[in-house]
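**Q** Let me begin by handing over the structure; questions about it come next.
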Amino acid sequence: MNELQETKQQEMLHPFFSIWLHPKKTARYILDHKGLGYAIIFILLGGMAGVLFSAMDAESLDIPTWGILLICLIGGPFIGLFSSTIGAGVFLLIGKLFKGKATYKEMFKVMGLSSIPHIWLAPILLLWMAFSPETFFRMDSDYLEVKNLLVTLISSLVSLCVTIWSFVINVAVIAETHRFSNWRAFFTIFIPGFVVFAILLIIVIIFTFSIMG
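Each residue of the sequence shown is one higher than the one before, starting from -1 at the first, in this note's numbering.
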């Protein structure tokens, strides 16, 4: 009876909503009941949402609003697919070191799930970009006035919360896909991130010393 109820709950599961509180159940639902096409939708939307988040405070790039929207619509999906393709391979290999049991196809299918919080906020970012570009892009020379400072603080807090929760979701999703503990999933994500950070730091140090002579 319990198995029947659980099956019915899984049939009614919608990843766009369930991922917030039930990331492992959502990942298992995607793995067991959905194909690659369904999973790719989240990857494409996540890529577009990621471009929007990257555009915040991007006045130094000197890109017009229509240009950012164009990059979001055209480049975002490619960025999402590329990062998911590479990320799935990296998390698969690192996870195998911790005796993970996922396949590449399984890992790729769940890569877009951690982007759902960003996808939720994408419409708000679009409205913000349209109606208050001076605070979205920080173009206003006096944006540090009280009103704009409040907008900046709120947006920064929301972005931080979304980023943290996306990381939590990613840990749970990888743990479920590899069928191991959350701690192993955490280090599966942390290790490649730390390696990339260390490489970039070494490059910056070498470049700095070469300039200083």
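Cβ coordinates follow ideal geometry from the N, Cα and C atoms, glycine included. Computed from a prediction, not measured in an experiment: that's the story for all the values here.
Is the distance from the Cβ of Pro21 to the Cβ of Leu91 below 8 Å?
**A** With a cutoff of 8 Å on beta-carbon distance, Pro21 and Leu91 are scored as not near each other.
**Q** Compare the beta carbon distance of Ala183 and His116 with 8 Å and say whether it is the shorter of the two.
**A** With respect to the 8 Å criterion, Ala183 and His116 are not classified as neighbours on the basis of their beta carbons.
**Q** For a test of the three-state rule: what should DSSP assign to Trp18, helix, strand or coil?
**A** In this structure, DSSP gives Trp18 a state outside helix and strand, which the three-state scheme calls coil.
**Q** Would you call the region 192 to 206 and the region 158 to 177 touching, i.e. three or more CB-CB distances under 8 Å?
**A** no
**Q** I need the DSSP call for Ala100, collapsed to helix, strand or coil.
**A** coil
**Q** In whole angstroms, what separates the C-alpha of Val88 from that of Pro121?
**A** Answer to the nearest angstrom: the Cα atoms are 31 Å apart.
**Q** Since His116 is in the alpha helix (DSSP H), which residue starts that stretch and which ends it?
**A** 114 to 129
**Q** Taking three-plus beta-carbon pairs below 8 Å as touching, is the region 94 to 113 in contact with the region 24 to 43?
**A** yes
**Q** Among the residues of its own chain, which have a CB less than 8 Å from the CB of Met(-1), if the five just before and after it don't count?
**A** Residue placement at Met(-1) cannot be trusted, given a pLDDT of 47 that sits under 50; what the coordinates show is reported in the next sentence. So the list is empty, once near-sequence residues are dropped.
**Q** What does a CB cutoff of less than 8 Å around Phe76 pick up in its chain, not counting 5 residues either side in sequence?
**A** Gly45
**Q** With DSSP run on the structure shown, which of helix, strand or coil describes Ala52?
**A** Reading off the sequence shown, one finds Ser at residue 52, where the question assumed Ala. Helix at Ser52.
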